[in-house]
Amino acid sequence: MSPGSDCVVRDASTADAAEIARIYNHYIRETTITFEVDEVSPADIATRIETVQATRSPWLVALLDGHLVGYAYAGPFSGRCAYAHTTEVSIYLDAAASGRGIGTALYRALFDRIREGDVHAAIGVIALPNPASVALHEKFGMRKVGHMPEVGRKFGSWIDVGYWQVNLDDRSVSP
Numbered sequence: 000m001s002p003g004s005d006c007v008v009r010d011a012s013t014a015d016a017a018e019i020a021r022i023y024n025h026y027i028r029e030t031t032i033t034f035e036v037d038e039v040s041p042a043d044i045a046t047r048i049e050t051v052q053a054t055r056s057p058w059l060v061a062l063l064d065g066h067l068v069g070y071a072y073a074g075p076f077s078g079r080c081a082y083a084h085t086t087e088v089s090i091y092l093d094a095a096a097s098g099r100g101i102g103t104a105l106y107r108a109l110f111d112r113i114r115e116g117d118v119h120a121a122i123g124v125i126a127l128p129n130p131a132s133v134a135l136h137e138k139f140g141m142r143k144v145g146h147m148p149e150v151g152r153k154f155g156s157w158i159d160v161g162y163w164q165v166n167l168d169d170r171s172v173s174p
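Quick note on numbering that gives the first Met the number 0: the sequence shown kicks off at 0 and runs consecutively.
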C-alpha cells in the first residue's frame, strides 16, 4: 500500500467531535505529547473545530474504511496582528493507525490548503522526545528552529518542547 492510498481526507465537522475527542483523549491520558491533563468532551472539540474554521483555517479528518483515524488542523500561531501570516499546525492519529501513511496524507492535504491562503510560515510545536512527529514534520520541509528545555511537566517528568518551521512561499520546499 502506498502511503495513505486507502485514506480519505475531508474537512472536519462538529459531527466528528466525538471521534476526535476519543483519539485526542488517548494522548491526554497516556502520553506527554499534549500538555493537556484533563480529558476533553465532544462539546469541547466541537467548539475548537468551529473556532479554527471561523479563522478560515483548515481542520481536516482522515477516514480509513469509513472510520475516523486521524485529524490535522492549522490555526493562528498567536493572536497578535504581526503573526497574521504564520500558522501553527498540529496532527493526531488513532494509535492503531500509525505507520500506514495516514499522517502523510493528512499533512499533505493540510499543507495544500494552507498554501492556498496568505500564510508565509508554518510552525509545529512538538513535545520531546517524539521521533515519529519530528520525522513527519521534517518530511514536509520543516526544520528545527528552537528548543525549550523542561518547560512542561506531566506524569512527574519535565518535558522539552521543540519548534519546527517551514516558510511556505519558498517554492523549493515541496512536501
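C-beta: ideal position from N, C-alpha, C; glycine also.
Identify the residues that DSSP records as bridge partners of residue i: which are they?
i: Y72; result: W58 and S89
i: S156; result: K153
i: I122; result: E87 and Q164
i: L63; result: C6 and H66
i: K143; result: W163
i: L127; result: D159
Candidates the options: which alpha carbon is nearest residue i's?
i: S12; options: E49, T33 and V36; result: E49
i: S156; options: P128, A71, R55 and T86; result: P128
i: C6; options: T31, Y70 and A53; result: Y70
On the criterion of 16 or more Cβ atoms from any shown chain inside 10 Å, does residue i qualify as buried, or is it exposed?
i: S171; result: Note that S171 scores 47 on pLDDT, short of 50, meaning its location in the model is unreliable; the coordinates nonetheless yield the value given after this. Exposed, since its Cβ has fewer than 16 Cβ neighbours within 10 Å.
i: M0; result: Only weak support is given to the placement of M0: the predicted model assigns it a pLDDT of 32, under 50, and the value that follows is read from those uncertain coordinates. With fewer than 16 other Cβ atoms within 10 Å, it is exposed.
i: P57; result: buried
i: G116; result: exposed
i: S132; result: buried
i: T30; result: exposed
* the stretch 149-166 touching the stretch 116-128, judged by at least three CB pairs closer than 8 Å -> Yes, they touch.
* Asked: With a cut-off of 8 Å, do at least 3 Cβ pairs link the stretch 12-27 to the stretch 103-119?
  -> no
* At least 3 beta-carbon pairs within less than 8 Å: the stretch 67-83 vs the stretch 96-105 -> yes
* Meets three-Cβ-pair contact criterion under 8 Å: the stretch 74-93 and the stretch 20-29 -> By the C-beta criterion, the stretch 74-93 is judged to be in contact with the stretch 20-29, since at least 3 inter-stretch pairs fall below 8 Å.
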